[in-house]
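Since the structure comes first, as structure tokens, the remarks are kept for the end.
Residue numbers (the numbering used here), protein chains in the order written: chain B, 849 to 1033; chain F, 3 to 236.
Next up, the structure:
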């Protein structure tokens, strides 16, 4: 009887161990992209970190529900979006106008490309419905269809939003170049 | 493909491999240029999106998971402990209440009726008022007149409570009168019975009285006799 209990315990332990390995692999594979996605969603480092922590905690708790490793990415994104929505329910955060605030923190390396920072500012300035599909496309390499699935939109809407997002960025960049040109000239 | 549609398609997905987009680009140098520009912009966007990830975020995520697991494990154990404690507590309370529950003496009296059958056989000595009163004295009680037909007057223990047991011969058959001291931890049912006997209980000033007779016997005469004669000194 003791022997049986022992093997049962050993089995439980090895199952736990496997789960831990799985979780660690999930964290290592996705935490960077998921954090960046969260950051661009909420535009705040500490809030992003909170959401990511909450997301992975929930992922851990329902790790058994994740059957398809390929689906892990969109699974995590789904959890994260839900977490973010929950945060909004908790407190209706006043939205800060992006022009007043620098997206990039001060610790960013000094030799950061000016255009890089400029782009970040412009990205932050896009409204969320344009920004989010773009982030999903660029960070996660999602196709239009995958983005549509993830956000629960139809594909045409997604394509239109991607188009508008890039169009807005492009126009803003051109406008700046003009201004710079005028200032220089 | 016209210019606008081409731009639309490229904006939607600069990495597209759709053949009509590719064809259109091949044919038109301006379109090619636009596409390359877009690809370049996308590369820049890719870079721009790569904000710094907090140091040790991965380790933090793994750490918080083990903390969560630990606290949940503890909580689970705590749940079991609480359950066990609560069960133990309930049993404890239950036992104490059961223990302190006023003892109901009806059943005890009935049991003594069996004993009474044997008892009468070997004590044929006449019982007089003095003897009964001497025994009642310890209850602070006495009979003013003798009850007719008392055959036996003896102390007996009803569930370890010393009581006086009178066996009385009546026209209704043999009856027993139990005089039980007044105590908080005992109770006397108003009526009780088994297959052979039935009894009634009542409370008097400083004692409780139970009268038990054979099934069908009328106890009211005896009740009257006892209540009218029993006096309490204190």
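We put the CB at the ideal spot given by N, CA and C, even for glycine. Computed from a predicted structure; not experimentally measured.
What number of angstroms, rounded off, separates the C-alpha of residue i from the C-alpha of residue j?
i	j	result
residue 978 of chain B	residue 1004 of chain B	13 angstroms
residue 182 of chain F	residue 115 of chain F	15 angstroms
residue 955 of chain B	residue 60 of chain F	With a pLDDT of only 45 at residue 955 of chain B, under 50, the local geometry of the prediction cannot be trusted, and the value read off the model is given with reservation. About 20 angstroms.
residue 218 of chain F	residue 193 of chain F	13 angstroms
residue 972 of chain B	residue 890 of chain B	9 angstroms
residue 873 of chain B	residue 909 of chain B	15 angstroms
residue 957 of chain B	residue 81 of chain F	Residue placement at residue 957 of chain B cannot be trusted, given a pLDDT of 47 that sits under 50; what the coordinates show is reported in the next sentence. Taking the straight line joining both Cα atoms gives about 50 angstroms.
residue 980 of chain B	residue 888 of chain B	8 angstroms
residue 8 of chain F	residue 34 of chain F	10 angstroms
residue 71 of chain F	residue 1009 of chain B	41 angstroms
residue 145 of chain F	residue 100 of chain F	36 angstroms
residue 947 of chain B	residue 965 of chain B	Residue placement at residue 947 of chain B cannot be trusted, given a pLDDT of 49 that sits under 50; the coordinates are not used to answer.
residue 1022 of chain B	residue 992 of chain B	26 angstroms
residue 861 of chain B	residue 87 of chain F	28 angstroms
residue 220 of chain F	residue 143 of chain F	25 angstroms
residue 922 of chain B	residue 988 of chain B	9 angstroms
residue 222 of chain F	residue 213 of chain F	9 angstroms
residue 952 of chain B	residue 919 of chain B	Reliability of the predicted coordinates at residue 952 of chain B is poor, the pLDDT of 49 falling under 50, and no value is obtained from them.
residue 38 of chain F	residue 30 of chain F	13 angstroms
residue 207 of chain F	residue 178 of chain F	20 angstroms
residue 131 of chain F	residue 229 of chain F	16 angstroms
residue 1029 of chain B	residue 36 of chain F	21 angstroms
residue 180 of chain F	residue 197 of chain F	19 angstroms
residue 89 of chain F	residue 76 of chain F	19 angstroms
residue 1000 of chain B	residue 857 of chain B	43 angstroms
residue 28 of chain F	residue 1031 of chain B	37 angstroms
residue 945 of chain B	residue 926 of chain B	Only weak support exists for where residue 945 of chain B lies, its pLDDT of 49 falling under 50; the value from the coordinates is given anyway. Cα to Cα, the separation comes out at about 26 angstroms.
residue 92 of chain F	residue 209 of chain F	34 angstroms
residue 24 of chain F	residue 982 of chain B	22 angstroms
residue 794 of chain B	residue 914 of chain B	The question about residue 794 of chain B has no answer here: the residues shown for chain B are numbered 849 through 1033.
residue 32 of chain F	residue 26 of chain F	10 angstroms
residue 18 of chain F	residue 859 of chain B	49 angstroms
residue 74 of chain F	residue 83 of chain F	14 angstroms
residue 95 of chain F	residue 211 of chain F	31 angstroms
residue 895 of chain B	residue 98 of chain F	56 angstroms
From the options, pick the residue whose C-alpha is nearest to that of residue i; which is it?
i	options	result
residue 886 of chain B	B/918, B/877, B/995 and B/931	B/931
residue 880 of chain B	F/35, F/28, F/235 and F/54	F/54
residue 147 of chain F	F/139, F/140, F/214 and F/134	F/134
residue 916 of chain B	B/870, B/884, B/929 and B/1013	B/870
residue 176 of chain F	F/199, F/10, F/211 and F/20	F/199
residue 1013 of chain B	B/918, B/967 and B/1025	B/967
residue 905 of chain B	F/64, F/18 and F/83	F/64
residue 234 of chain F	F/68, F/195 and F/140	F/140
residue 205 of chain F	F/184, F/195 and F/196	F/184
residue 195 of chain F	F/6, F/215, F/66 and F/210	F/215
residue 68 of chain F	B/937, B/864, B/859 and B/856	B/864
residue 875 of chain B	F/94, F/32 and F/66	F/66
So, using beta-carbon positions, are residue i and residue j closer together than 8 angstroms?
i	j	result
residue 963 of chain B	residue 45 of chain F	no
residue 112 of chain F	residue 188 of chain F	no
residue 231 of chain F	residue 163 of chain F	no
residue 884 of chain B	residue 43 of chain F	no
residue 998 of chain B	residue 990 of chain B	yes
residue 226 of chain F	residue 202 of chain F	no
residue 11 of chain F	residue 20 of chain F	yes
residue 899 of chain B	residue 935 of chain B	yes
residue 56 of chain F	residue 1026 of chain B	no
residue 1015 of chain B	residue 13 of chain F	yes
For my contact list, residue i and residue j are in at a C-beta cut-off of 8 angstroms; report their separation, rounded to the angstrom.
i	j	result
residue 49 of chain F	residue 16 of chain F	No, residue 49 of chain F and residue 16 of chain F are not in contact; Cβ-Cβ is about 15 angstroms, not under 8 angstroms.
residue 168 of chain F	residue 154 of chain F	7 angstroms
residue 995 of chain B	residue 984 of chain B	5 angstroms
residue 893 of chain B	residue 62 of chain F	Not confirmed; about 14 angstroms, so no contact.
Leaving out the 5 sequence neighbours to the left and right, which residues in its chain are closer than 6 angstroms to residue i when beta-carbon positions are compared?
i	result
residue 912 of chain B	none
residue 950 of chain B	Legend: pLDDT at residue 950 of chain B = 49, less than 50; position of this residue unreliable, value from coordinates given subsequently. Closer than 6 angstroms at the Cβ level, and outside the excluded window around residue 950 of chain B, lies no residue.
residue 2 of chain F	The shown model of chain F, from 3 to 236, leaves out residue 2 of chain F, and the question about it has no answer.
residue 129 of chain F	152 and 155
residue 855 of chain B	none
For residue i, which residues from the same chain have a beta carbon less than 7 angstroms from its beta carbon, with the 5 sequence-adjacent residues on both sides left out?
i	result
residue 1019 of chain B	none
residue 924 of chain B	878, 882, 903 and 907
residue 22 of chain F	3
residue 867 of chain B	911
Report whether the distance from the Cβ of residue i to the nearest heavy atom of the ligand ATP is below 7 angstroms.
i	result
residue 901 of chain B	As for the ligand ATP, it is missing from this structure, which has no ligand bound.
Could you pull out every residue in the same chain whose Cβ sits closer than 8 angstroms to the Cβ of residue i, ignoring the five residues on either side in sequence?
i	result
residue 1017 of chain B	967, 970, 971 and 974
residue 1024 of chain B	966
residue 157 of chain F	137, 164, 165, 166 and 167
residue 1007 of chain B	992
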